[in-house]
Amino acid sequence: VIDEVKQSVRPIILFIDEAHTLIGAGGTAGMGDAANLLKPALARGELRTIAATTWSEYKKYFEKDPALARRFQVVKIEEPDEETAVKMLESITANLQSHHKVMISDDAVRDAVRLSHRYISGRLLPDKAISVLARVRLSDTMKTLSRLIKFLASIHQLWQM
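The opening position of the sequence shown corresponds to residue 10 in our numbering, with each subsequent residue numbered one higher.
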């Protein structure tokens with residue numbers, strides 16, 4: 010991959026999701042793992058790279074490898090507020106509709122954001138709202154989704170009593 014990126018005529022930005030998994034991958038952490046294979050190319054500026062991980066995984070893995078941590082600029086992205094998350098979802102609604110063969114109303118987007126923010130823990134916006142929209146298969150109208158989410162919220166409230 011490194012050679013292909015370096016030899017490409019067109020500029021390539023390498024995106025590594027769950028970047029912490031590179032540390033220790035293919036060897037012992039710090040010795041022959043995938044992260045160490047990338048370090049020389051990163052140090053020489055031959056790889057334009059975006060690496061994504063959680064803050065806790067960054068602290069657990071990257072901070073223990075200062076040579077690797079030096080090769081990245083940390084950009085901490087906080088969870089967006091509900092209003093921003095709605096705008097983010099609105100920008101991808103057409104793709105979701107096409108992919109899942111459904112119609113997604115503005116109300117459904119707002120409800121998915123508001124209710125997933127309130128009731129789904131362990132995940133952040135907009136991811137959890139996207140999951141709600143992506144997992145619900147609708148045949149007629151997204152009003153069904155709004156009713157379903159409200160129903161689930163009611164069940165959740167009953168369990169809290």
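Beta carbons: idealized from backbone N, C-alpha and C, even for Gly. Fair warning: this is a prediction, and the values are worked out from it, not measured in the lab.
Query	Result
Best match in PHE71, ILE129 and LEU77 for proximity to ARG53 [C-alpha to C-alpha]	LEU77
Per-residue DSSP class, three states only, for SER148	The pLDDT assigned to SER148 is 44, lower than 50, so where the model puts this residue is not dependable, and the model offers no usable value.
Euclidean distance between Cα positions of ALA121 and LYS15	42 angstroms
Backbone secondary structure at ARG57 - three-state DSSP	strand
Residues near ILE158 by beta carbon distance below 6 angstroms, same chain, minus five either side	ASP120 and LEU124
Neighbour-count burial assignment, THR63, 16 or more Cβ in a 10 Å radius	exposed
Contact with chain D by ILE113, beta-carbon distance below 7 angstroms	The structure shown has no chain D; it contains just one protein chain.
Identity of the residue in GLU88, GLY131, SER163 and LEU142 nearest SER114 by Cα	LEU142
Spatially closest choice to ALA94 from VAL84, LEU134, THR30 and ILE86, by CA coordinates	LEU134
GLY33 versus GLN166 - alpha carbon distance	43 angstroms
ILE22 in three-state terms, based on DSSP	strand
PHE71 classed as buried or exposed, judged by whether at least 16 other C-beta atoms fall within 10 angstroms	buried
Where ALA28 falls, given that 16 or more other Cβ within 10 Å makes a residue buried	buried
Option in PRO89, ASP12 and MET112 with minimal Cα separation from LEU51	ASP12
Proximity of ILE22 and ARG57 at Cβ, strictly below 7 angstroms	yes
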